[in-house]
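**Q**
Protein chains: 2
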Amino acid sequence: MEDTEDTVAGIGEFGLIDAVTIDRRQPELTVLGPGDDAAVVLAPDGKVVATTDVLVQNVHFRFDWSTPEQVGRKAIAVNIADIAAMGAVPTSVLVGLACPGTTKTDVVTELANGMWAEAGRAGIGLVGGDMVSADQIVISVTALGDLAGRDPVTRSGARQGDVLAVCGRLGWAAAGLAVLGRGFRSPVSVVNAQRYPEPPYAAGPAAARAGATAMIDISDGLLADVGHIAAASGVGFDLTGEELPVDQRLTEVASALGADPLAWVLTGGEDHALAATFPSADQLPEGWVPIGAAVASPDAGPPVTVDGEPYEAEDPGWQHWRK
Amino acid sequence: MEDTEDTVAGIGEFGLIDAVTIDRRQPELTVLGPGDDAAVVLAPDGKVVATTDVLVQNVHFRFDWSTPEQVGRKAIAVNIADIAAMGAVPTSVLVGLACPGTTKTDVVTELANGMWAEAGRAGIGLVGGDMVSADQIVISVTALGDLAGRDPVTRSGARQGDVLAVCGRLGWAAAGLAVLGRGFRSPVSVVNAQRYPEPPYAAGPAAARAGATAMIDISDGLLADVGHIAAASGVGFDLTGEELPVDQRLTEVASALGADPLAWVLTGGEDHALAATFPSADQLPEGWVPIGAAVASPDAGPPVTVDGEPYEAEDPGWQHWRK
Chain D
5 MEDTEDTVAG IGEFGLIDAV TIDRRQPELT VLGPGDDAAV VLAPDGKVVA
55 TTDVLVQNVH FRFDWSTPEQ VGRKAIAVNI ADIAAMGAVP TSVLVGLACP
105 GTTKTDVVTE LANGMWAEAG RAGIGLVGGD MVSADQIVIS VTALGDLAGR
155 DPVTRSGARQ GDVLAVCGRL GWAAAGLAVL GRGFRSPVSV VNAQRYPEPP
205 YAAGPAAARA GATAMIDISD GLLADVGHIA AASGVGFDLT GEELPVDQRL
255 TEVASALGAD PLAWVLTGGE DHALAATFPS ADQLPEGWVP IGAAVASPDA
305 GPPVTVDGEP YEAEDPGWQH WRK
Chain Z
5 MEDTEDTVAG IGEFGLIDAV TIDRRQPELT VLGPGDDAAV VLAPDGKVVA
55 TTDVLVQNVH FRFDWSTPEQ VGRKAIAVNI ADIAAMGAVP TSVLVGLACP
105 GTTKTDVVTE LANGMWAEAG RAGIGLVGGD MVSADQIVIS VTALGDLAGR
155 DPVTRSGARQ GDVLAVCGRL GWAAAGLAVL GRGFRSPVSV VNAQRYPEPP
205 YAAGPAAARA GATAMIDISD GLLADVGHIA AASGVGFDLT GEELPVDQRL
255 TEVASALGAD PLAWVLTGGE DHALAATFPS ADQLPEGWVP IGAAVASPDA
305 GPPVTVDGEP YEAEDPGWQH WRK
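Dropping the structure here:
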């Protein structure tokens, strides 16, 4: 065989598994980590929260924009954000990696480094996975979580009169995408926000403890994802324009690019902030910002308005295959 | 847009999710099924067993050999087999599907039909998933399971003197591969065994209850996978040639093709039978067949022998990227 150890074909499946699992430390939640037919993880609540997301090269990430380590962070973060959005605490992640045999071993070990770093940030371990050959790099991650005795906070519990609040960044990744799309690499704050999100994991369980009635992870865009709460709960939402958090950095970037920062905040995805509803504004935990209220479901028009008016979005939110 | 509803690009991500989830029944284990940020599944034991496997078109399956429904069955079966191999009972599966926008909607709904059929066979539901665009069809499945108060049966518990036993088919998928590879489509028994395995799910928990000391799912081949038990347990294994179950159908197919049925039994993967060790042959649950014993780890040579001799395999077992 001509392959050398600097490609995955050279090092082989089992060598690669060793390279990304040996000498990694597992938290106490992990009863049995990688290396057997399956992992075993504590589920103290007697229920387990589970979610899976798939990331595809040149669809969800580009190696000319992001390092493998940043892509690894992103793959884990987007999944843990979904666990947090149920009000749960993450307990573990499993990773499936498909890649061509010509993929550099370093790319895989750096992907793994990013995954372990983000998992560590959330206090959890990579407990299992699978590595297979494919034409294109595809990363599938499954995250598990624990509700600590609470009910899950679903999308369907919002009631008219509830306060709508958000925690985390809005529009940063979209601003970074605009910057990268024009060939720039700075400002690094928004560019890195595009490379990997920094979801406020602890804000999900905090919202649940504070009595949140509905919650969602903002992956497709604020209007689109609050629209999902609206649809599931049978309500509408009216956002208050002046309450929407438009960070000064977004305003500066938008000014430089001739763009509208409010469009990024309302329709930009991939920041993985959390949006939730609460019966009263007095209940918001630290870091949560009120941005509107649940109203009667409109007879016509979009379910989410801004200052009582439909927002004319150029792009209402990402859907796969529809472009 | 030119796309019509007979392709995934035409029906769109949310339409496709509806097509594969609406009107499906969830078992009582499922607290919260698809449609929210994450699913919630019972984990009565306070621990959860979790495993993930990725299947790639033209690596793990071919649509000229298998129908989408058969591929869907296989994707679920290979994962539940890993849960069974820990001695656990499956509780749910999550599915990630990456596919091109030109993929026919029917292919995806038939994949889903096969997945639901196999999940139903195991008494569980598809509780969540993700669908994204990619150049090639990639299916990632994560299965969860429950240990019902037992310790997991790992690969590392075999002790010298233990009986080695198997439950399920050996060599059938390899025989089917040989048939398909020569352009034939029959006998259908072995060809279908290649298209989708029929792992003995209940045999895993039964072995655990009977005191199995180590267990593995045979995905790569009997010699290779028993070798994994050997390595993890620090023992060797000697198989008894005349005890190896060589089904009459394999003998017939091998005779017709001029092949060796014993090679299929010893090195053929993808049947997802279970192999386990027990302190005594008296303990074997129904359906388990003794095939050898754990012996001292050999100083040299392969860890698994047949009648005391190394088996000269042309192919010692599948590894990704190594061919």
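Chains as they are written, first to last, in my numbering: chain D, 5 to 327; chain Z, 5 to 327. Just so it is clear, CB atoms sit at the ideal spot from N, CA and C, and this is done for glycine as well.
#1: What residues of chain Z sit near Gln140 (chain D), judged by a beta carbon separation below 9 Å?
#2: Mapping the DSSP letters down to three states, classify Gln74 (chain D) as helix, strand or coil.
#3: Taking 6 Å as the limit between beta carbons, can you name the residues of its chain near Pro38 (chain D), skipping five residues before and five after?
#4: Is the Cβ of Ile233 (chain D) closer than 8 Å to any Cβ of chain Z?
#5: Give me the chain D residues within the contact set of Thr55 (chain Z), using Cβ-Cβ distance strictly less than 8 Å, ordered along the chain.
#6: When the Cα of Glu247 (chain D) is compared with those of D:Glu32, D:Asp229, D:Val269 and D:Ala235, which residue comes out closest?
#7: Please confirm whether Ala216 (chain D) and Thr281 (chain D) have their CB atoms less than 8 Å apart.
#8: Cutting at 6 Å between CB atoms, please list the residues of its own chain near Phe18 (chain Z), excluding the five before and the five after it.
#9: Under 8 Å, Cβ to Cβ, is there at least one residue of chain D near Val167 (chain Z)?
#10: Would you say Gly50 (chain D) lies against chain Z (beta-carbon separation less than 8 Å)?
#11: Of all the residues that make up the region 196-228 of chain D, which are near chain Z by a beta-carbon distance shorter than 7 Å?
#12: If the cut is a Cβ gap below 9 Å, which residues of chain Z does Ala89 (chain D) touch?
#13: Anything in chain D within Cβ reach of Pro307 (chain Z), meaning under 8 Å, just list it in chain order.
#14: Would Ala152 (chain D) pass as an interface residue toward chain Z - the criterion being a Cβ-Cβ separation below 8 Å?
#15: Pull up the distance between the alpha-carbon of Ile21 (chain D) and that of Met135 (chain D), whole angstroms please.
#16: Check whether the Cβ of Thr146 (chain Z) lies closer than 8 Å to any Cβ atom in chain D.
#17: Exposed or buried, what is Arg66 (chain D) when buried is set at 16 or more other beta-carbons lying within 10 Å of its beta-carbon?
#18: Rounded to the nearest angstrom, what separates Asp86 (chain Z) and Glu202 (chain Z) at their Cα positions?
#19: Kindly list, in the order they appear in chain Z, the residues whose Cβ is closer than 7 Å to that of Pro156 (chain D).
#20: Compare the C-alpha of Tyr205 (chain Z) against each of Z:Ile15, Z:Met119 and Z:Asn83 and name the closest.
#21: Rounded to the nearest angstrom, what separates Leu46 (chain Z) and Gln61 (chain D) at their Cα positions?
#22: Within the 8 Å Cβ cut-off, does Val75 (chain Z) reach chain D?
#23: What is the C-beta distance between Ala81 (chain Z) and Tyr200 (chain Z), in whole angstroms, given that I count them as a contact (C-beta under 8 Å)?
#24: What's the call for Asp338 (chain Z), buried or exposed, on a 16-neighbour Cβ count within 10 Å?
#25: State the beta-bridge partners of Phe65 (chain Z) as determined by DSSP.
#26: DSSP three-state call for Gly296 (chain Z): helix, strand or coil?
#27: Can you list the alpha helix (DSSP H) stretches of 4 or more residues lying completely in the region 265-312 of chain D, in chain order?
#28: Tell me which residues share the same chain as Thr328 (chain D) and place their Cβ nearer than 6 Å to its Cβ, disregarding the 5 neighbours each side in the sequence.
#29: Could you check how far apart the C-beta atoms of Pro104 (chain D) and Ser137 (chain D) are, in whole angstroms? I think they sit under 8 Å.
#30: For the alpha helix (DSSP H) that contains Met119 (chain Z), what are its first and last residues?
#31: Who are the Cβ neighbours of Thr309 (chain Z) in its own chain at under 6 Å, not counting the five residues just before and after it?
#32: For Val75 (chain Z), is the classification buried or exposed, using 16 other Cβ atoms within 10 angstroms of its Cβ as the cut-off for buried?
#33: Figure out for me which residue from Z:Val299, Z:Ala279 and Z:Asp40 has the closest Cα to the Cα of Thr158 (chain Z).
#34: Kindly say whether Val63 (chain Z), judged by its beta-carbon, lies nearer than 8 Å to any beta-carbon of chain D.
#35: Given that a residue counts as buried once 16 or more other Cβ atoms are within 10 Å of its Cβ, and exposed if not, what is Gly2 (chain D)?
#36: Determine whether the Cβ of Arg159 (chain D) lies closer than 8 Å to any Cβ atom of chain Z.
**A** In short, the structure shows the following:
#1: Counting from one through the first sequence, the residue named residue 140 (chain D) turns up at place 136. Ordered by position in chain Z, the residues that pass the 9 Å Cβ test against Gln140 (chain D) are Ala102, Ala138, Asp139, Gln140 and Val142.
#2: Numbered from 1 along the first sequence, position 70 holds the residue referred to as residue 74 (chain D). It is helical.
#3: What you label residue 38 (chain D) is simply residue 34 of the first sequence in a count that begins at 1. In the same chain as Pro38 (chain D), and ignoring 5 residues on each side of it, the C-beta atoms closer than 6 Å to its own belong to Thr25 and Gly132, in chain order.
#4: For the purposes of this step, residue 233 (chain D) is taken as the residue at position 229 of the first sequence. Chain Z, which has no Cβ nearer than 8 Å to the Cβ of Ile233 (chain D), makes this no.
#5: Residue mapping note: residue 55 (chain Z) aligns to position 51 of the second sequence, counting from 1. Under a criterion of Cβ atoms nearer than 8 Å, the residues of chain D adjacent to Thr55 (chain Z) are, in order, Asp41, Ala42, Ala43, Leu98 and Gly132.
#6: For the purposes of this step, residue 247 (chain D) is taken as residue 243 along the first sequence, with counting starting at 1. Answer by Cα proximity: D:Val269.
#7: Here residue 216 (chain D) refers to the residue found at position 212 when the first sequence is read from its first residue. Here residue 281 (chain D) refers to the residue found at position 277 when the first sequence is read from its first residue. The beta carbons of Ala216 (chain D) and Thr281 (chain D) sit closer together than 8 Å.
#8: The count along the second sequence starts at 1 and reaches residue 18 (chain Z) at position 14. If we look at Phe18 (chain Z) and ignore the five residues flanking it on each side, it has no Cβ neighbours.
#9: To locate residue 167 (chain Z), count along the second sequence from 1; it is residue 163. Any Cβ of chain D closer than 8 Å to the Cβ of Val167 (chain Z) would place that residue at the interface, and such an atom is absent.
#10: Counted from its first residue, the first sequence places residue 50 (chain D) at position 46. Chain Z, which has a Cβ nearer than 8 Å to the Cβ of Gly50 (chain D), makes this yes.
#11: Within the region 196-228 of chain D, the qualifying residues are Ile220 and Asp221.
#12: Sequence index remark: in the first sequence, residue 89 (chain D) carries index 85 (1-based). Within 9 Å of the CB of Ala89 (chain D), the CB atoms of chain Z belong to Asp40, Asp41 and Ala42, in sequence order along the chain.
#13: Locating residue 307 (chain Z) in the second sequence gives position 303, where the first residue counts as 1. Correct list: empty, because the minimum Cβ distance to chain D is about 14 Å.
#14: To locate residue 152 (chain D), count along the first sequence from 1; it is residue 148. Judged by the 8 Å Cβ criterion, Ala152 (chain D) is not in contact with chain Z.
#15: For the purposes of this step, residue 21 (chain D) is identified with residue 17 of the first sequence, where counting begins at 1. For the purposes of this step, residue 135 (chain D) is identified with residue 131 of the first sequence, where counting begins at 1. Cα to Cα, the separation comes out at about 8 Å.
#16: If you number the second sequence from 1, residue 146 (chain Z) lands on position 142. At least one CB of chain D lies nearer than 8 Å to the CB of Thr146 (chain Z).
#17: Numbered from its first residue, the first sequence carries residue 66 (chain D) at position 62. Classified as exposed, Arg66 (chain D) has fewer than 16 neighbouring CB atoms from the shown chains inside 10 Å of its CB.
#18: Counting from 1 along the second sequence, the entry for residue 86 (chain Z) is found at position 82. Counting from 1 along the second sequence, the entry for residue 202 (chain Z) is found at position 198. Cα to Cα, Asp86 (chain Z) sits roughly 13 Å from Glu202 (chain Z).
#19: Reading the first sequence from its first residue, position 152 is the one you call residue 156 (chain D). Correct list: Leu36 and Val44.
#20: On the second sequence, residue 205 (chain Z) is found 201 positions in, with the first residue counted as 1. When only C-alpha atoms are compared, the closest one is Z:Asn83.
#21: Here residue 46 (chain Z) corresponds to residue number 42 of the second sequence, with the count starting at 1. Here residue 61 (chain D) corresponds to residue number 57 of the first sequence, with the count starting at 1. Spanning the alpha carbons of Leu46 (chain Z) and Gln61 (chain D) requires a straight line of approximately 34 Å.
#22: Residue 75 (chain Z) sits at position 71 when you count from the first residue of the second sequence. Any Cβ of chain D closer than 8 Å to the Cβ of Val75 (chain Z) would place that residue at the interface, and such an atom is absent.
#23: Counting from 1 along the second sequence, the entry for residue 81 (chain Z) is found at position 77. Counting from 1 along the second sequence, the entry for residue 200 (chain Z) is found at position 196. Right, their Cβ atoms sit about 6 Å apart.
#24: Here chain Z covers residues 5 to 327 and nothing more, so residue 338 (chain Z) does not appear.
#25: For the purposes of this step, residue 65 (chain Z) is identified with residue 61 of the second sequence, where counting begins at 1. By DSSP's assignment, Phe65 (chain Z) forms a beta bridge with Z:Gln61.
#26: Along the second sequence, read from residue 1 onward, the residue named residue 296 (chain Z) stands at position 292. DSSP, read as helix, strand or coil, puts Gly296 (chain Z) in strand.
#27: Within the region 265-312 of chain D, the alpha helix (DSSP H) runs of at least 4 residues that lie entirely inside it are, in chain order, 265-271.
#28: The structure shown has nothing for residue 328 (chain D), since chain D only spans 5 to 327.
#29: Numbered from 1 along the first sequence, position 100 holds the residue referred to as residue 104 (chain D). Numbered from 1 along the first sequence, position 133 holds the residue referred to as residue 137 (chain D). Confirmed, Cβ separation roughly 7 Å.
#30: On the second sequence, position 115 is the one that residue 119 (chain Z) refers to. Met119 (chain Z) -> alpha helix (DSSP H) spans Thr109 to Arg125.
#31: Locating residue 309 (chain Z) in the second sequence gives position 305, where the first residue counts as 1. Here the set comprises Asp242.
#32: Within the second sequence, residue 75 (chain Z) is the residue found at index 71, counting from 1. By the Cβ neighbour-count rule, Val75 (chain Z) is buried, with 16 or more other Cβ atoms within 10 Å of its own.
#33: The residue given as residue 158 (chain Z) occupies position 154 in the second sequence. If we check each option's Cα against that of Thr158 (chain Z), Z:Ala279 comes out closest.
#34: To locate residue 63 (chain Z), count along the second sequence from 1; it is residue 59. When Cβ-Cβ separations below 8 Å define contact, Val63 (chain Z) makes contact with chain D.
#35: Because residue 2 (chain D) is not part of the residues shown, which for chain D are 5 to 327, the question remains open.
#36: Position 155 of the first sequence, counted from the start, is the residue given in the question as residue 159 (chain D). Yes, because at least one Cβ of chain Z sits closer than 8 Å to the Cβ of Arg159 (chain D).
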